[in-house]
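Peer 1:
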Amino acid sequence: DAKTTQPPSMDCAEGRAANLPCNHSTISGNEYVYWYRQIHSQGPQYIIHGLKNNETNEMASLIITEDRKSSTLILPHATLRDTAVYYCIVRVAHSGGSNYKLTFGKGTLLTVNP
Amino acid sequence: GAVVSQHPSWVICKSGTSVKIECRSLDFQATTMFWYRQFPKQSLMLMATSNEGSKATYEQGVEKDKFLINHASLTLSTLTVTSAHPEDSSFYICSARDGGRASNEQFFGPGTRLTVL
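Protein sequence lines correspond, in order, to chains L and W.
If you count by the working numbering, then the first sequence holds residues 87 to 200, one letter each, in order.
If you count by the working numbering, then the second sequence holds residues 5 to 121, one letter each, in order.
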């Protein structure tokens with residue numbers, strides 16, 4: 087799986103949009119970009135994933151650059167409960183066996199301030 | 005939907021004893037389950053992958069005889085830490101892949117905090 091690079095930490099004001107960047111310059115054509123987050127002392131939570139088109143769901147939006155070498159996760163109106171470590175992971179989708187495994191990097195600690 | 009539970013949520017045990025952690029998919033059939041370990045201020049590290057009815061595949065450096073994994077049904081996987089020592093104290097997290105979905109998102113349990121005295 088391609089490696090990703092994320093800033094170690096970011097701050098965001100409550101109610102403002104949080105934009106979390108991720109670089110994945112070695113991504114392959116069949117690799118998807120997945121985002122998970124982990125609130126302190128809890129298990130990770132799936133947020134969103136995409137291949138090349140921008141994606142949006144009830145939690146966030148995912149913007150992937152045209153060359154697919156980077157992406158941005160957008161939380162449109164951050165709340166205090168969004169404070170967590172956000173992980174950007176690239177991996178092949180729709181594959182079998184142990185290829186389903188996720189490799190977590192260090193992620194970005196997003197702190198939403200009141 | 006797609007809820008994964010773990011039991012217990014925390015456990016304290018004496019050095020040398022064995023501890024079993026359960027991971028259950030509550031509303032879907034999990035063809036593949038994963039066990040992770042997370043030390044304080046570190047990221048999740050995959051320990052092993054298990055498919056229902058077959059032996060688990062362990063990551064390099066993880067002792068299969070120390071961390072016994074059983075995935076006997078499509079909704080239950082167990083991790084047994086045998087002869088636990090203080091260095092095994094960690095946050096253990098399982099995840100499960102919904103075999104009924106085409107995509108690869110995994111659903112994680114809430115984690116089990118193990119403290120070995």
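In this text, a Cβ means the ideal position worked out from N, Cα and C, and glycines have one as well.
Please read all numbers here as calculations on a predicted model, not as lab measurements.
How would you label Ile134 (chain L), buried or exposed, when you count the other beta carbons within 10 angstroms and need 16 or more for buried?
Peer 2: Here residue 134 (chain L) refers to the residue found at position 48 of the first sequence. Buried: at least 16 other Cβ atoms inside 10 Å.
Peer 1: Going by alpha carbons, who is nearest to Thr119 (chain W) out of W:Gln33, W:Ser13, W:Ser9 and W:Ala6?
Peer 2: What you label residue 119 (chain W) is simply residue 115 of the second sequence in a count that begins at 1. Closest option to Thr119 (chain W), Cα to Cα, is W:Ser13.
Peer 1: Looking at chain L, is there any beta carbon in it that lies within less than 8 angstroms of the beta carbon of Ser47 (chain W)?
Peer 2: One-based indexing of the second sequence puts residue 47 (chain W) at position 43. So yes, Ser47 (chain W) belongs to the interface.
Peer 1: Does the beta-carbon of Phe43 (chain W) have 16 or more other beta-carbons within 10 angstroms, so that it is buried, or is it exposed?
Peer 2: Sequence index remark: in the second sequence, residue 43 (chain W) carries index 39 (1-based). When all chains shown are included, Phe43 (chain W) counts as exposed.
Peer 1: At the level of alpha carbons, what is the spacing between Gln10 (chain W) and Cys98 (chain W)?
Peer 2: By one-based count along the second sequence, residue 10 (chain W) stands at place 6. By one-based count along the second sequence, residue 98 (chain W) stands at place 94. Near 8 angstroms, if we compare the C-alpha coordinates of Cys98 (chain W) and Gln10 (chain W).
Peer 1: Under 8 angstroms, Cβ to Cβ, is there at least one residue of chain W near Lys89 (chain L)?
Peer 2: As a first step, residue 89 (chain L) is located in the first sequence; it is residue number 3 there, counting from the start. So no, Lys89 (chain L) is outside the interface.
Peer 1: Between Leu195 (chain L) and Pro107 (chain L), which are expected to be in contact by the criterion C-beta below 8 angstroms, what is the C-beta distance as a whole number of angstroms?
Peer 2: Position 109 of the first sequence, counting from 1, holds the residue named residue 195 (chain L). Position 21 of the first sequence, counting from 1, holds the residue named residue 107 (chain L). That belief does not hold up - the Cβ atoms of Leu195 (chain L) and Pro107 (chain L) are roughly 14 angstroms apart, past 8 angstroms.
Peer 1: Indicate whether at least one CB of chain W lies closer than 8 angstroms to the CB of Lys192 (chain L).
Peer 2: Against the first sequence, residue 192 (chain L) aligns to sequence position 106. Yes, because at least one Cβ of chain W sits closer than 8 angstroms to the Cβ of Lys192 (chain L).
Peer 1: Judging by CA-CA distance, which residue of L:Leu148, L:Gly101, L:Asn143 and L:Asn109 is the nearest neighbour of Gly191 (chain L)?
Peer 2: On the first sequence, position 105 is the one that residue 191 (chain L) refers to. When only C-alpha atoms are compared, the closest one is L:Asn109.
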